[in-house]
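Numbering (UniProt numbering), first residue to last: 1 to 213.
So, in C-alpha coordinates, the structure goes:
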(Lines of atoms letter the chains of each structure in order from A and count residues from 1; the text may use other names and numbers.)
(Lines give C-alpha, C1' and ligand atoms only; values in the text may rest on other atoms or scores of the structure.)
Protein backbone atom coordinates (compact mmCIF):
# COMPACT_ATOMS: atom_id res chain seq x y z
CA UNK A 1 0.00 0.00 0.00
CA UNK A 2 1.31 3.43 -0.92
CA UNK A 3 1.61 5.74 2.03
CA UNK A 4 1.89 9.50 2.08
CA UNK A 5 2.46 11.13 5.45
CA UNK A 6 2.80 14.69 6.60
CA UNK A 7 5.49 15.58 9.08
CA UNK A 8 4.34 19.17 9.64
CA UNK A 9 1.81 21.53 8.07
CA UNK A 10 3.04 22.43 4.63
CA UNK A 11 4.04 26.06 4.06
CA UNK A 12 2.32 27.14 0.87
CA UNK A 13 3.74 29.78 -1.47
CA UNK A 14 2.03 33.13 -1.19
CA UNK A 15 1.78 35.44 -4.17
CA UNK A 16 -0.38 38.46 -4.83
CA UNK A 17 -2.01 36.69 -7.77
CA UNK A 18 -2.55 33.36 -6.01
CA UNK A 19 -6.30 33.87 -5.67
CA UNK A 20 -6.86 34.39 -9.39
CA UNK A 21 -4.35 32.03 -11.04
CA UNK A 22 -5.25 28.30 -11.02
CA UNK A 23 -2.27 26.35 -9.74
CA UNK A 24 -0.56 23.45 -11.47
CA UNK A 25 1.02 20.92 -9.11
CA UNK A 26 4.49 20.47 -10.55
CA UNK A 27 7.15 18.09 -9.26
CA UNK A 28 10.84 18.84 -9.65
CA UNK A 29 13.56 16.22 -9.37
CA UNK A 30 16.95 17.87 -9.43
CA UNK A 31 20.38 16.31 -9.45
CA UNK A 32 23.60 15.81 -11.31
CA UNK A 33 22.17 12.80 -13.20
CA UNK A 34 25.68 11.49 -13.78
CA UNK A 35 24.18 9.26 -15.16
CA UNK A 36 20.39 9.10 -14.67
CA UNK A 37 19.21 5.65 -13.64
CA UNK A 38 16.12 3.55 -12.98
CA UNK A 39 15.94 4.71 -9.37
CA UNK A 40 15.39 8.31 -10.49
CA UNK A 41 12.53 7.24 -12.75
CA UNK A 42 10.85 5.11 -10.09
CA UNK A 43 10.99 7.94 -7.54
CA UNK A 44 9.56 10.45 -10.00
CA UNK A 45 6.76 8.13 -11.10
CA UNK A 46 5.75 7.25 -7.55
CA UNK A 47 5.68 10.87 -6.40
CA UNK A 48 3.78 11.87 -9.55
CA UNK A 49 1.13 9.23 -8.91
CA UNK A 50 0.79 9.53 -5.15
CA UNK A 51 0.59 13.33 -5.08
CA UNK A 52 -1.51 13.70 -8.22
CA UNK A 53 0.98 15.99 -9.95
CA UNK A 54 0.50 17.41 -13.42
CA UNK A 55 4.08 16.59 -14.41
CA UNK A 56 7.57 16.08 -13.04
CA UNK A 57 10.47 18.20 -14.28
CA UNK A 58 13.90 16.56 -14.36
CA UNK A 59 16.35 19.37 -13.67
CA UNK A 60 20.08 18.62 -14.14
CA UNK A 61 22.29 21.01 -12.21
CA UNK A 62 25.35 22.78 -13.54
CA UNK A 63 27.59 22.86 -10.44
CA UNK A 64 25.81 21.72 -7.26
CA UNK A 65 27.02 23.62 -4.16
CA UNK A 66 26.25 20.97 -1.54
CA UNK A 67 28.01 17.77 -2.67
CA UNK A 68 31.56 16.63 -3.19
CA UNK A 69 33.15 16.89 -6.61
CA UNK A 70 32.17 14.04 -8.91
CA UNK A 71 33.73 12.80 -12.10
CA UNK A 72 32.90 15.61 -14.48
CA UNK A 73 31.40 14.95 -17.89
CA UNK A 74 30.02 17.56 -20.24
CA UNK A 75 26.68 19.06 -19.25
CA UNK A 76 25.47 18.31 -22.78
CA UNK A 77 25.99 14.58 -22.15
CA UNK A 78 24.05 14.62 -18.87
CA UNK A 79 21.25 16.61 -20.50
CA UNK A 80 21.07 14.16 -23.40
CA UNK A 81 20.94 11.15 -21.07
CA UNK A 82 18.10 12.68 -19.06
CA UNK A 83 16.20 13.37 -22.28
CA UNK A 84 16.70 9.77 -23.38
CA UNK A 85 15.59 8.47 -19.97
CA UNK A 86 12.25 10.26 -19.96
CA UNK A 87 11.40 10.23 -23.66
CA UNK A 88 8.69 7.56 -23.32
CA UNK A 89 6.86 9.16 -20.36
CA UNK A 90 4.43 11.96 -21.29
CA UNK A 91 4.30 13.40 -17.78
CA UNK A 92 8.08 13.71 -17.43
CA UNK A 93 9.81 16.77 -18.85
CA UNK A 94 13.39 18.07 -19.08
CA UNK A 95 14.07 21.44 -17.45
CA UNK A 96 17.55 22.70 -18.37
CA UNK A 97 17.41 26.20 -16.86
CA UNK A 98 20.32 25.53 -14.48
CA UNK A 99 22.50 24.19 -17.28
CA UNK A 100 21.72 27.23 -19.42
CA UNK A 101 22.49 29.60 -16.55
CA UNK A 102 25.73 27.83 -15.63
CA UNK A 103 27.74 28.46 -12.49
CA UNK A 104 26.74 27.15 -9.07
CA UNK A 105 23.17 25.86 -9.04
CA UNK A 106 21.41 27.39 -6.05
CA UNK A 107 17.91 25.96 -5.75
CA UNK A 108 16.48 29.18 -4.32
CA UNK A 109 17.56 31.21 -7.36
CA UNK A 110 16.25 28.56 -9.73
CA UNK A 111 12.84 28.26 -8.07
CA UNK A 112 12.46 32.02 -7.86
CA UNK A 113 13.15 32.33 -11.59
CA UNK A 114 10.78 29.47 -12.46
CA UNK A 115 7.93 30.99 -10.45
CA UNK A 116 8.47 34.36 -12.08
CA UNK A 117 8.19 32.66 -15.45
CA UNK A 118 5.36 30.32 -14.40
CA UNK A 119 3.32 31.99 -11.64
CA UNK A 120 0.74 29.20 -11.97
CA UNK A 121 3.21 26.57 -10.70
CA UNK A 122 2.83 25.06 -7.24
CA UNK A 123 6.17 23.30 -6.86
CA UNK A 124 6.84 20.00 -5.10
CA UNK A 125 10.61 19.67 -4.81
CA UNK A 126 11.69 16.04 -4.47
CA UNK A 127 14.70 15.10 -2.37
CA UNK A 128 16.04 11.82 -1.03
CA UNK A 129 15.93 11.08 2.65
CA UNK A 130 19.72 11.44 2.75
CA UNK A 131 19.42 15.07 1.64
CA UNK A 132 16.88 16.10 4.27
CA UNK A 133 19.62 16.40 6.90
CA UNK A 134 21.47 18.85 4.65
CA UNK A 135 18.56 21.27 4.28
CA UNK A 136 19.80 23.66 7.02
CA UNK A 137 22.92 24.22 4.89
CA UNK A 138 21.03 25.06 1.72
CA UNK A 139 21.35 28.58 0.33
CA UNK A 140 18.51 30.80 1.63
CA UNK A 141 16.62 27.80 2.95
CA UNK A 142 14.29 29.94 5.09
CA UNK A 143 13.09 31.75 1.98
CA UNK A 144 13.07 28.59 -0.12
CA UNK A 145 10.61 26.73 2.12
CA UNK A 146 8.11 29.51 1.47
CA UNK A 147 8.29 28.86 -2.27
CA UNK A 148 8.10 25.07 -2.48
CA UNK A 149 6.71 21.98 -0.82
CA UNK A 150 9.62 19.68 0.00
CA UNK A 151 8.86 16.05 -0.77
CA UNK A 152 11.06 13.61 1.10
CA UNK A 153 11.61 10.10 -0.23
CA UNK A 154 12.26 7.71 2.63
CA UNK A 155 15.60 5.91 2.62
CA UNK A 156 16.69 3.18 5.00
CA UNK A 157 19.02 4.38 7.71
CA UNK A 158 18.14 8.08 7.44
CA UNK A 159 15.96 9.94 9.97
CA UNK A 160 12.72 11.62 8.95
CA UNK A 161 13.01 14.52 11.40
CA UNK A 162 13.65 18.02 10.07
CA UNK A 163 13.18 21.60 11.27
CA UNK A 164 11.43 22.27 7.96
CA UNK A 165 8.07 21.06 6.61
CA UNK A 166 8.52 17.80 4.73
CA UNK A 167 5.89 15.80 2.87
CA UNK A 168 7.10 12.20 3.10
CA UNK A 169 6.34 9.70 0.36
CA UNK A 170 7.07 5.97 0.49
CA UNK A 171 8.55 4.47 -2.68
CA UNK A 172 10.05 1.04 -3.41
CA UNK A 173 13.56 0.83 -1.99
CA UNK A 174 15.95 0.76 -4.94
CA UNK A 175 19.62 0.55 -4.01
CA UNK A 176 21.09 2.05 -7.18
CA UNK A 177 23.46 5.01 -7.32
CA UNK A 178 25.13 6.92 -10.13
CA UNK A 179 28.48 6.30 -8.43
CA UNK A 180 27.87 2.56 -8.56
CA UNK A 181 26.99 2.76 -12.24
CA UNK A 182 30.11 4.77 -13.10
CA UNK A 183 32.24 2.20 -11.28
CA UNK A 184 30.58 -0.68 -13.12
CA UNK A 185 31.10 1.01 -16.48
CA UNK A 186 34.76 1.67 -15.70
CA UNK A 187 35.22 -1.99 -14.71
CA UNK A 188 33.54 -3.22 -17.88
CA UNK A 189 30.56 -4.70 -16.02
CA UNK A 190 26.97 -4.72 -17.25
CA UNK A 191 24.63 -1.89 -16.33
CA UNK A 192 21.65 -3.44 -18.04
CA UNK A 193 18.41 -2.89 -16.07
CA UNK A 194 20.17 -0.29 -13.91
CA UNK A 195 19.70 2.45 -16.50
CA UNK A 196 17.30 2.74 -19.44
CA UNK A 197 18.58 0.96 -22.54
CA UNK A 198 18.93 4.26 -24.40
CA UNK A 199 21.21 5.61 -21.67
CA UNK A 200 23.36 2.47 -21.71
CA UNK A 201 23.68 2.75 -25.49
CA UNK A 202 24.63 6.43 -25.22
CA UNK A 203 27.31 5.73 -22.60
CA UNK A 204 28.76 3.03 -24.85
CA UNK A 205 28.57 5.15 -27.99
CA UNK A 206 30.24 8.18 -26.40
CA UNK A 207 32.73 6.20 -24.32
CA UNK A 208 31.69 7.91 -21.07
CA UNK A 209 33.13 7.10 -17.63
CA UNK A 210 36.23 5.39 -19.00
CA UNK A 211 34.21 2.57 -20.50
CA UNK A 212 36.10 -0.56 -21.48
CA UNK A 213 35.17 -1.64 -24.98
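Ideal Cβ positions, reconstructed from N, Cα and C, are used throughout, including at glycine.
- For residue 199, there is no enclosing beta strand (DSSP E); the enclosing alpha helix (DSSP H) has its first and last residue at 197–206.
- In this structure, residue 77 lies near residue 208, with their beta-carbon atoms less than 8 Å apart.
- Between residue 32 and the set 51, 99, 115, 93, the nearest pair of CA atoms involves 99.
- Residue environment: residue 37 is assigned as buried (16 or more neighbouring CB atoms within 10 Å of its CB, all protein chains considered).
- In this structure, the alpha-carbon of residue 203 lies about 47 Å from that of residue 20.
- Looking at the DSSP output, residue 57 sits in a beta bridge with 28, 93.
- Using a 10 angstroms sphere on the CB of residue 179, the tally of other CB atoms stays under 16, which defines it as exposed.
- Taking a cut-off of 8 Å on C-beta distances, the segment 90–99 touches the segment 107–116, as three or more cross pairs fall below it.
- Check the Cα spacing between residue 139 and each of 104, 158, 58: the tightest is with 104.
- Where residue 125 is concerned, there is no enclosing alpha helix (DSSP H), although the beta strand (DSSP E) around it starts and stops at 121–128.
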